[in-house]
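Please read the structure below before turning to the comments.
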């Protein structure tokens, strides 16, 4: 039997642990440190929780949080549409591989490209409104991205349009790995299509659905910057500003990395606060399944 | 069986593990050259050693911007570098920067002690913040005083009696109008409106003739910045008074200071502007003018030749924003220049200065006009070579007449994002009145001062020095 010192495994782990600590741990510690300083250039004086106080008292930050919360409305829409499309494709209608490709295509396109093209189309005198006017629907030819009341909904629509393909592919991949005998048995037992979907198929997708919800929640909280930046720059006014955009403004435009770091910490804690319960629920459900 | 001469799996893993540990430790260890802490003190004047003859074969790094607004500048710069290298034996490596990183990249590089020797700088606060961080070298003593003055860097490049930027090419800020549309509306195309009342009367006639009087695009923000640059001057006597507003010494809630936004509201509510202002960007807004869809727009000098090529050289006229205020700066043309400066971290400041001086040699300045069709910043340049009457007018009246600096360059970025950007868009969206815009500007100013007490002090010092 091979005898080694009990420290040897730790020695082998050391390089990877150091690399991880350097690439993930150091930035995290640095951000926490920065968030307590008035940073000018590379460092600055310690000011305690002043940056946090300023952020939490800032009405623009409140608006940004509200807009991120608004975008969470997209999660159930993404989930329902992704599931529906995956289940329909799973029925293998004629040309289904082509439909799958077409539906997945938006997800393959770069966000800036999608944002630029769609924001041009959605301008007040853009192609969407021109088409609406051409068919006599003038009352629907609205200022989709130039009006404060509509802009956030328009951004959300574009996010849903692009991100939907990812959910669809995820669910379709899981569906294709399911044991078809279970569905077949339900069919023989007299279950109609809706009953098979609701009581046989969807329960088997539970794990991937939970995963997708977590990913989508994180996306709506911390991955929508590029859509907003390209489509509206946070405007009109502050109608579409989100937490990431607020953070970006302080980090790169207002030259206040201390405040940007405080926002990053808040965003990190917010995301953690929302995703940990979701992961716990998932773990709990897995326990129940095993029991 | 262990093969003789080959490393065993255990030995290999040990070796790899040790190597990674050493590499990781080496990466974490301080480098030989410790990063320089940013200093809030002003950089010192060049020492005697720096003023001594420069070494040969120096390699300079230059980060620049400008091709985006002045197409052809890159070729001119490459040619200038080749000539400089040929004459001096030094090397210059240029890097064209993206618009969004011109300021942040220099500050980040400076914080990491790896700033380029020569950096492109926009005027005013866009480089002054870096000056206050100690990242920019004063040019006095490195570059002859007469060239510093002739480069028209404006008072916005001066702090503590030192100049930090050398003007490169001219950026006169103006309104342009379509003479044919003026004629069609029964207006005198050779006498554009000078007062606000005349302007409103002209807009009425233009609208009645079936054209949009004023066109622009607000979605990305700079149109609002330009508008404020033209209109905020109206009730101010000096650029220092604008700083007073930005640091809260003067009050935005005073009606004379929110009047610019009230005038914007007036134009919008009267239907004198394109209805898609909030959903299109700056350049598509200007393109509406170029496409003959609007009678008047705001513009910068480098874009005028493009409008002339689209509409015809005789169709485009230049005007100053009609005056509504009583300040000394009201109704005057705005002159600005894009410029270059030297990093305080450069090891070769003398050579960098030599290169900047080279760019201002008469032959290079002439080439800037001949090749790029950009008006040079140098007041020593012989403007009589300009054949085009409009460009000649701009050169004479905007750059060398009784002009004022572009005071939007004094705006803190928080004011840009949270006040200027928000106010102009909310007025167009019908959510704000001019007075509400003033209240928001006041609130944002208070927030900025609270977040930047150190910068606010520098601003106040700057304002006290700044005279027209």
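Protein chains in written order, with our numbering: chain A, 411 to 701; chain B, 58 to 525.
Ideal Cβ positions, reconstructed from N, Cα and C, are used throughout, including at glycine.
Because the structure is a prediction, the values reported are computed rather than measured.
Proximal chain A residues relative to residue i, where beta-carbon distance stays under 7 Å
{"i": "residue 508 (chain B)", "result": "464, 666, 669"}
{"i": "residue 186 (chain B)", "result": "665"}
{"i": "residue 478 (chain B)", "result": "645"}
{"i": "residue 488 (chain B)", "result": "558, 647"}
Beta bridge counterpart(s) of residue i as assigned by DSSP
{"i": "residue 394 (chain B)", "result": "B:227"}
{"i": "residue 116 (chain B)", "result": "B:148"}
{"i": "residue 453 (chain A)", "result": "A:450"}
{"i": "residue 153 (chain B)", "result": "B:121"}
{"i": "residue 432 (chain A)", "result": "Answer is none; residue 432 (chain A) lacks a bridge partner."}
{"i": "residue 216 (chain B)", "result": "B:219"}
{"i": "residue 610 (chain A)", "result": "In DSSP, residue 610 (chain A) forms no bridge with anything."}
Cβ shell of residue i (< 6 Å), same chain only, five flanking positions each side left out
{"i": "residue 268 (chain B)", "result": "238, 352"}
{"i": "residue 437 (chain B)", "result": "207"}
{"i": "residue 620 (chain A)", "result": "692"}
{"i": "residue 449 (chain B)", "result": "443"}
{"i": "residue 294 (chain B)", "result": "384, 385"}
{"i": "residue 465 (chain B)", "result": "282, 285, 286"}
Contact belief for residue i with residue j at Cβ below 8 Å, rounded distance in angstroms
{"i": "residue 390 (chain B)", "j": "residue 460 (chain B)", "result": "5 Å"}
{"i": "residue 573 (chain A)", "j": "residue 511 (chain A)", "result": "Actually they are not in contact, since the Cβ atoms of residue 573 (chain A) and residue 511 (chain A) sit about 17 Å apart, beyond 8 Å."}
{"i": "residue 542 (chain A)", "j": "residue 551 (chain A)", "result": "4 Å"}
{"i": "residue 368 (chain B)", "j": "residue 388 (chain B)", "result": "Their Cβ separation, rounded to whole angstroms, is 25 Å, which puts residue 368 (chain B) and residue 388 (chain B) out of contact at 8 Å."}
{"i": "residue 285 (chain B)", "j": "residue 477 (chain B)", "result": "6 Å"}
{"i": "residue 501 (chain B)", "j": "residue 467 (chain B)", "result": "Rounded, the Cβ-Cβ distance is 15 Å, inconsistent with contact."}
{"i": "residue 309 (chain B)", "j": "residue 495 (chain B)", "result": "5 Å"}
Partners in chain A for residue i, counting only beta-carbon separations shorter than 8 Å
{"i": "residue 483 (chain B)", "result": "558, 646, 647"}
{"i": "residue 164 (chain B)", "result": "451, 665"}
{"i": "residue 492 (chain B)", "result": "The contacting residues do not exist; residue 492 (chain B) stays about 16 Å from chain A at best."}
9 Å Cβ cut-off: residues of chain A touching residue i
{"i": "residue 517 (chain B)", "result": "None at all; the shortest Cβ gap to chain A is about 17 Å."}
{"i": "residue 278 (chain B)", "result": "643, 645"}
{"i": "residue 131 (chain B)", "result": "Per Cβ cutoff of 9 Å: no residues; residue 131 (chain B) is ~24 Å from chain A at best."}
{"i": "residue 467 (chain B)", "result": "Residues of chain A passing the Cβ test: none, with the nearest at roughly 15 Å."}
Closer than 9 Å at the beta carbon, the chain B residues around residue i
{"i": "residue 577 (chain A)", "result": "Per Cβ cutoff of 9 Å: no residues; residue 577 (chain A) is ~30 Å from chain B at best."}
{"i": "residue 535 (chain A)", "result": "331, 332, 333, 336, 337"}
{"i": "residue 659 (chain A)", "result": "470, 471, 474, 475"}
{"i": "residue 555 (chain A)", "result": "276, 335, 336"}
Cross-chain neighbours of residue i in chain B, by beta carbon under 8 Å
{"i": "residue 565 (chain A)", "result": "Per Cβ cutoff of 8 Å: no residues; residue 565 (chain A) is ~13 Å from chain B at best."}
{"i": "residue 468 (chain A)", "result": "504"}
Beta-carbon gap between residue i and residue j smaller than 7 Å
{"i": "residue 638 (chain A)", "j": "residue 655 (chain A)", "result": "yes"}
{"i": "residue 667 (chain A)", "j": "residue 456 (chain A)", "result": "no"}
{"i": "residue 538 (chain B)", "j": "residue 354 (chain B)", "result": "Residue 538 (chain B) lies beyond the range of chain B shown here (58 to 525); nothing can be said about it."}
{"i": "residue 514 (chain A)", "j": "residue 566 (chain A)", "result": "no"}
{"i": "residue 577 (chain A)", "j": "residue 622 (chain A)", "result": "yes"}
{"i": "residue 463 (chain B)", "j": "residue 231 (chain B)", "result": "no"}
{"i": "residue 488 (chain A)", "j": "residue 581 (chain A)", "result": "no"}
{"i": "residue 205 (chain B)", "j": "residue 196 (chain B)", "result": "yes"}
{"i": "residue 488 (chain B)", "j": "residue 558 (chain A)", "result": "yes"}
{"i": "residue 649 (chain A)", "j": "residue 660 (chain A)", "result": "no"}
{"i": "residue 266 (chain B)", "j": "residue 242 (chain B)", "result": "yes"}
{"i": "residue 435 (chain B)", "j": "residue 417 (chain B)", "result": "yes"}
{"i": "residue 281 (chain B)", "j": "residue 481 (chain B)", "result": "yes"}
{"i": "residue 651 (chain A)", "j": "residue 644 (chain A)", "result": "yes"}
{"i": "residue 583 (chain A)", "j": "residue 168 (chain B)", "result": "no"}
{"i": "residue 244 (chain B)", "j": "residue 264 (chain B)", "result": "no"}
{"i": "residue 393 (chain B)", "j": "residue 339 (chain B)", "result": "no"}
{"i": "residue 176 (chain B)", "j": "residue 163 (chain B)", "result": "yes"}
{"i": "residue 525 (chain A)", "j": "residue 641 (chain A)", "result": "yes"}
{"i": "residue 479 (chain B)", "j": "residue 305 (chain B)", "result": "no"}
Chain-order list of residues whose beta-carbon lies under 8 Å from that of residue i (same chain, five-residue window excluded)
{"i": "residue 528 (chain B)", "result": "This structure cannot settle anything about residue 528 (chain B), because the visible part of chain B is limited to 58 through 525."}
{"i": "residue 200 (chain B)", "result": "223, 410, 413, 414"}
{"i": "residue 87 (chain B)", "result": "Because residue 87 (chain B) sits at a pLDDT of 36, beneath the cut-off of 50, its placement in the model cannot be relied upon, and the following sentence gives the value as read from the coordinates. Excluding positions up to five away in sequence, the list is empty."}
{"i": "residue 689 (chain A)", "result": "624"}
Residues near residue i in its chain [Cβ-Cβ closer than 7 Å; skip 5 each side]
{"i": "residue 534 (chain A)", "result": "553, 556"}
{"i": "residue 174 (chain B)", "result": "117, 118, 119, 399, 400, 403, 405, 409"}
{"i": "residue 454 (chain A)", "result": "447, 448, 668"}
{"i": "residue 301 (chain B)", "result": "307, 520"}
{"i": "residue 482 (chain A)", "result": "627, 630"}
{"i": "residue 256 (chain B)", "result": "250, 379"}
{"i": "residue 127 (chain B)", "result": "226, 359, 429, 431"}
{"i": "residue 345 (chain B)", "result": "272, 331, 351"}
Contact list for residue i against chain B, beta-carbon separation under 7 Å
{"i": "residue 662 (chain A)", "result": "161"}
Check: residue i C-beta below 6 Å from any heavy atom of the ligand PLP
{"i": "residue 660 (chain A)", "result": "Only the bare structure without any ligand can be found here, which leaves the ligand PLP out of the picture."}
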